[in-house]
Amino acid sequence: MISILSTTPISPVSPVTNVVPLSLVLLVSLIKEAFEDWKRFQNDIAINSTPVDVLQGENWETVSWRKLQVGDIIRVKQDEFFPADLLFLASTNPDGVCYIETANLDGETNLKIRKALERTWDYVFPEKASEFKGEIQCEQPNNSLYTFTGNLIVENQTLPLSPNQILLRGCSLRNTVHIVGAVIFTGHETKVMMNSMSVPSKRSTLERKLDKLILTLFGGLFFMCLIGAIGSGVFINRKYYYLGLFEDVEQQFNPSNRFVVSILTMFTLITLYSTIIPISLYVSIEMIKFIQCAQFINKDLRMYHAETNTPALARTSNLNEELGQVEYIFSDKTGTLTRNLMEFFKCSIGGVSYGVGITEIERGQAQREGRALNEIQKSDTVVYEKGFNFDDDRIMRGAWRNERDPEIFKEFFRCLALCHTVLPEGDESPEKIVYQAASPDEAALVTAAKHFGFFFYRRTPTTVQLRESHVEKMGNIQDVSYEILNVLEFNSTRKRQSVVCRYPNGRLVLYCKGADNVIYERLAGTNQDIKRLTREHLEQFGSSGLRTLCLAYRDLTIDTYENWNEKFVQAKSSLRDREKKLDEVAEMIEKDLILIGSTAIEDKLQEGVPDCIDTLSRAGIKIWVLTGDKMETAINIAYACNLINNDMKQLIITSETDAIREAEEKGDPVEISRVIRDSVSHDLKRCLEEAQQDLHIFGQKLALVIDGKCLMYALDPSFRVDLLKLSLNCSSVVCCRVSPLQKAQVTSLVKKGARRITLSIGDGANDVSMIQAAHVGVGISGLEGMQAVMASDFAIAQFRFLKDLLLVHGRWSYIRLCKVITYFFYKNLTFTLTQFWFTFHTGFSGQRFYDDWFQSLYNVIFTALPVIILGLFDKDVSASLAKKYPQLYKEGIRNTYFKWAVVGVWAFFAFYQSLIFYYFTTTASENGHNSSGKIFGLWDVSTMAFTCVVITVNLRLLMACNSITRWHHLSISGSILAWFVFIFIYSGVMTPNDRQENVYFTIYVLMSTFYFYLTLLLVPIVALFGDFLYLGLQRWFFPYNYQIVQEIHRDEVDSISRTEFLEIGNHLTPDEARSYAIAQLPREKSKHTGFAFDSPGYESFFASQAGVYVPQKAWDVARRASVRSSKRTSQR
Amino acid sequence: MSPQADPAPEGDAGVVERRKKSKKPKYSRFTQQELPACKPLLTPTIVISTFSLIGILFIPIGLTSLSASDIVVEIVYRYDTECIPQQSQNDKLAFIQSSETNKICSTTLTVPKNMKAPVYIYYELDNFYQNHRRYVKSRNDKQLRSKAYEQETTNCAPEATTANGSPIVPCGLIAWSLFNDTYSFAIQNKVIEVNKKNIAWQSDKNNKFGSDVYPKNFQQGGLIGGAKLNESIPLSEQEDLIVWMRTAALPQFRKLYGRIETDLAANEQISVTIENNYNTYSFEGEKKLVLSTTSWIGGKNDFLGVAYLAVGSLCLFLALAFIVLYLLKPRTLGDPSYLSWNKNPDGHQ
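Chains as they are written, first to last, in the numbering used here: chain A, 3 to 1134; chain B, 543 to 891.
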């Protein structure tokens, strides 16, 4: 607009003044946009050209994903992703079953089963499939992942379709050689894509604040113009005859119409002062951010993950500085904090703890307490396999026979090997066998048994066959077949699982594993020692972040068993309340148990997670875990990651209470919701009260644990405020069993309710909504599954890289951009104010002080580069110090560097400096200036003033720098030099073009006088004097934290060499260890025992919420699978 | 550890393809942000020494400038009121605008100190907005420069053309309002030569005002703004015009009128004859006659010297103050107890 104004005659400047910088700015931002689009385009191409097999005639032909059309029949092989939403027709598995992993969609780790309609089972092979003709009627594309309604019409037969036959894009195929499916929805119509809302374009908070600053500047501009306009209306007068204000003068100077004069002058002044609005600011910021992303974040070796060959990736360059102000992190669990890898880690057998491994959390604790852990070097023979990370010479390789009570070891191992629902697959040798378990925990336990010498290799519908070593004597191997009589399955109320089995010698044993509290209730009264010791171990394991299970057995007499079995069979065949009756029956036999010991499984955390979380929380960042997992698992992980420890008070709001369960059993939805609502409201109130009390009276740290069902009600507008208040008081929050939508809701609750900056990190499709809802979304890259990454703003390979991303890159970006913005503000204000002061001396006519070209090149050449260099290279403390003193990050959270006070200080000095520039140069120029007695004109003075401005403004930048590289020197001296070169040429030549030769020769005239040199020395120094004094006093009396840190480490040379670089460890310095120790408070006795167990195939929580799709029971899964495997074995 | 934990998705051919080449970023000091840098810390020592340094540097410069300015002898005489006869004091405007009145006035100035030649003669105007936007742009540099552009009168309105449309050379308000008071000096009735050559900057004379451009139609209109020009002298020789056309920055300005090339002794009486033609009365502007010698620093100008002295002494004072402060309440560098989280474990909001 200003450019247009400048082409009108009322403008004081020629159009070129405004058009040149504007077009430069536009050009640069165009190039940048084009570049980013190009990259996005290439990414899309990569995904769209993934190949897939499509049925063409009677053959499979490979085409790329993008060519898929609705109605195509395609084949998906094991471990591949489904390219579209498919109707499941047939699978290589018998009875039309396939297993899919939905971790990408909902984060659940157990495999799901899909079953094709019987009618279509045959279409596995192309010859058959090509015969398939049918019609699918289905719902419109929608975003509900757990519902599907439709019909398949084959040969005039209408078959209803359920979610059970639908394979969603984003899932992958497991344990199935290949499946055949028909494409229902493709591309944007797939349910996953419908779920990912159109990516909201995110702008950083800083930029939004910047907008406010710009508005303020506009206000200032208007105010200045108003003053000028009023002045001009008052000033204009015919008495100044030399202005030629005759009768027919143009409106702008017509003294007989002062009002019009004012209005027109207003416009004149707007164009004149338009330099106050830093148009090149936005483009500079974009350039800086772009380079920060492309060169610094993407190429940071500290964030390069060698194992997956994944560097960090900044997918948008808008949010760099937002990373420096994050206060809340919402993290997904599986795949983000944990590796989704369960490892048998420790055990306690007969009251003795075995296992030499040390968990990350133990390591951290030890470091905090300052004691050294004598990490035992693992023996060379150590076996390592997925799911097994255990070594103890006392029991490995049959050594357990030499322990005090070898019998109990046998029970322990047999319990592990027998009491489960795992299916062996593949070759029946210990090396090649693959255990298919619905939960990785179970697989880990069975694998452990294998390594202990009790190799489970075959399951038939009634027996489990083990290959036992060292039982009779060392080195002896024998195959034993145990008959499994009953299986009392796991569910979340029972929290235990038992099998009754018959030894070949007729011994009847019940093996039971389950949560410690459940098992302890059912133990026989004997052997208190073992109980006590085991409990101690459980607590130890629990506080080390391990998932524990108690193992127990009971010998049964034939009579007892027969009696009980009758009741069991009855219960099993009853039609009403079967579940409840089965539970009751189970209760009757699961008693008088004898404790064997306990297992401890490590839910393997991603590398460096506890340390990273600890560092981040010291940086003032609060971390919330939002997971679809069960409460126990979630709490366990929270322990393992140091989010919750035993010093904290846990506030738990759960729907797993008796009242709610009772209501649910009645099954009246209205009643259920009322009961839950009441209980949530009550719990919230109670917790809030406790929180207030504990926090303010005892200063205790709080942790809130809430589950999805309660969250659904707590997010209700009436409770939302309470929830927010409560959760903001807690140092960590764990939300379990939450749906993707709830994740997003919680995120926006904090984002909007608390107005804090939030970051979400996740790896799966279930995190997409959360990633998009937060200010900053971070995706975990490098694993399969791209949805989270595609929705994210930044992608990193490991959770621990957050430390670098936030504390180093985020913090630097924030500080740099704050400096860039405030500096831009300052330099434009200073420049414009000199112009403003001049207006007072020109009869408010709007005469420009500077030449057009000075003005237009001021922002784009003479002061452009150094500030970009500042935005790229300024470094207050080095990367390692930033991580060593995470507290420095708090300055970003508090927005210390871009408060109005900071802007005010800059504005004040801009004001001061502009006065110096204007008055010093003009006052000093009144008389003749060299012995020739000749006098300067307007343009000489303005060239002088401009020279001073350029030099001062560039030097001021140097004062704002914390580290000065040769680029700084280069750009600053370059800018000043550019000005001189420019003025030498510009004022040295005459052009034939129509140009006012105002500044012709001015610089040479100036340089022939001492005045020039004296002023050039005086003015910049006086102008910077104020800033210097302020900075000195500020550091002296009110130092920022970073300044202290700089001083502490002032003598250290920041020489991270390449070698050092590669082994950046998490080693603590003695200083840090001490500060840990200071933070250490007297600890309560540990109470957490760490039970957590993924029940095999617990109902998909969301599905049951939707009330449509009830998946099969886990046991059915195992049973069918076992049938299958037995079939296969028999075939052999 | 984790490779076996996450089996590579073989199906994702693109990924496999890309995995073959390492995506490990190359090390460079630039991308790792480890460029060698000096890290200036504004420590008390640096603050104190900077202030002292500025003080030590500036005070001598200030003193030198002041002494240079002190050598300059300056006589300022305001004549706009005094050159109006008593009877016209109430209506100065009528007096100055009338072509009948006798505008010659005389006065005597006393030389306060020896004034070594050359003595520069300036006129000083006040409340004259030579920097008014309408005024500044009311000229045409092309026309001034070359005869070829004689017709070029853009921007010159309302003094662009005569009533019949032929261009005015030089056109525009600046030229039109050329100052036309004249001064002549005599000591004891002996006329002192006033050298009016070489009073404009050489660059203006040589390049901005053409030697082939002669005044034309100048001051022919109804209203006479100021001086007339001799139409037989090219613009490049009309130095009064050239001086006048280098517009001043501020509404109060001096312009060089000429030089006296004889020494003036102290207490000599100079009789000045002023032809008071120029109208500053309509806008209540002052008119002054200034006689001044120069030194290397130029004319009488205490400002720079005083500024240097003031800043220099302020810096010295501050340096002292900081030293005292430093002794009384030392600020240890890098004391961890200054860290906010050490001061107040909860952090301050």
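Using N, Cα and C, we set each Cβ at its ideal position, and we do this for glycine too.
If you compare alpha carbons, which of the options is closest to residue i?
i                 : options                                   : result
Phe700 of chain A : A:His684, A:Arg679, A:Ile655 and A:Asp649 : A:Asp649
Asn740 of chain B : B:Leu846, B:Ile816, B:Arg801 and B:Lys684 : B:Arg801
Asp55 of chain A  : A:Phe83, A:Val358, A:His971 and A:Leu28   : A:Phe83
Ile186 of chain A : A:Glu288, A:Leu70, A:Thr270 and A:Ser276  : A:Leu70
Leu881 of chain B : A:Asn1043, A:Arg1052 and A:Gln1048        : A:Asn1043
Tyr921 of chain A : A:Leu751, A:Lys434, A:Cys614 and A:Ala947 : A:Ala947
Gly714 of chain B : B:Asp683, B:Val736 and B:Leu858           : B:Asp683
Taking only the alpha-carbon atoms, compute the straight-line gap between residue i and residue j and give it to the nearest angstrom.
i                  : j                 : result
Thr1 of chain A    : Val489 of chain A : Outside the modelled stretch of chain A, which goes from 3 to 1134, sits residue 1 of chain A, for which no answer is possible.
Leu690 of chain A  : Leu726 of chain A : 10 angstroms
Ile626 of chain B  : Arg620 of chain B : 12 angstroms
Tyr243 of chain A  : Ile716 of chain B : 11 angstroms
Phe298 of chain A  : Arg304 of chain A : 11 angstroms
Cys514 of chain A  : Ile486 of chain A : 13 angstroms
Gly827 of chain B  : Asn669 of chain B : 5 angstroms
Asn673 of chain B  : Tyr852 of chain A : 12 angstroms
Asp39 of chain A   : Ile782 of chain A : 22 angstroms
Lys114 of chain A  : Ile763 of chain A : 25 angstroms
Ala849 of chain B  : Thr949 of chain A : 19 angstroms
Arg1159 of chain A : Ile646 of chain A : Here chain A comprises residues numbered 3 to 1134, so residue 1159 of chain A is not present and cannot be evaluated.
Leu937 of chain B  : Asn772 of chain B : Nothing can be reported for residue 937 of chain B: it is not among the residues displayed for chain B, which extend from 543 to 891.
Ser741 of chain A  : Leu883 of chain A : 39 angstroms
Lys711 of chain A  : Met633 of chain A : 12 angstroms
Lys689 of chain B  : Ser944 of chain A : 30 angstroms
Can you name the start and end residues of the alpha helix (DSSP H) that residue i belongs to?
i                 : result
Thr954 of chain A : Leu940 to Ala962
Val822 of chain A : Arg813 to Phe842
Asp443 of chain A : Pro442 to Phe454
Ala636 of chain B : Lys634 to Gln639
Gln542 of chain A : Gln530 to Ser545
I'd like the list of long-range same chain contacts for residue i, defined as Cβ closer than 6 angstroms, with 5 residues on each side in sequence excluded.
i                 : result
Lys770 of chain B : Gln761
Val22 of chain A  : Ser858
Glu323 of chain A : Ser206, Leu208, Ser815, Tyr816 and Leu819
Phe938 of chain A : Ser927
For residue i, which residues of its own chain have a beta-carbon under 7 angstroms away from its beta-carbon, when the five flanking residues on both sides are left out?
i                 : result
Thr819 of chain B : With the sequence shown as reference, residue 819 of chain B is identified as Asn, and Thr is not the correct amino acid for it. Only Lys645, Asn722 and Asp723 meet the Cβ criterion.
His190 of chain A : none
Phe414 of chain A : Ile351, Leu553, Ile598 and Gly599
Ala131 of chain A : Leu57, Ile75, Tyr125 and Val182
Leu119 of chain A : Leu154, Leu161 and Gln167
Lys211 of chain A : Phe900
Taking only beta-carbon positions, decide if residue i is within less than 7 angstroms of chain D.
i                : result
Gln44 of chain A : Reference to chain D is not applicable here, since the protein chains of this structure are A and B.
What residue range does the beta strand (DSSP E) around residue i cover?
i                 : result
Leu247 of chain A : From DSSP, Leu247 of chain A is part of no beta strand (DSSP E); its letter is neither H nor E.
Gly779 of chain A : Val778 to Ile782
Query raised in the report: Is the stretch 704 to 724 of chain A close to the stretch 633 to 640 of chain A, with three or more CB pairs under 8 angstroms?
Result: yes
Query raised in the report: Is the number of C-beta pairs between the stretch 786 to 802 of chain B and the stretch 752 to 761 of chain B that are closer than 8 angstroms three or more?
Result: no
Query raised in the report: Quick check: the stretch 651 to 659 of chain B against the stretch 869 to 886 of chain B, are there 3 or more CB pairs under 8 angstroms?
Result: no
Requested in this report: Determine contact between the stretch 350 to 367 of chain A and the stretch 323 to 340 of chain A, defined as no fewer than three beta-carbon pairs at a distance below 8 angstroms.
Outcome: no
Query raised in the report: Do the stretch 625 to 634 of chain A and the stretch 736 to 746 of chain A make contact, defined as three or more Cβ pairs closer than 8 angstroms?
Result: yes
Query raised in the report: Should the stretch 854 to 870 of chain A be regarded as contacting the stretch 267 to 281 of chain A, the criterion being three or more beta carbon pairs within less than 8 angstroms?
Result: yes
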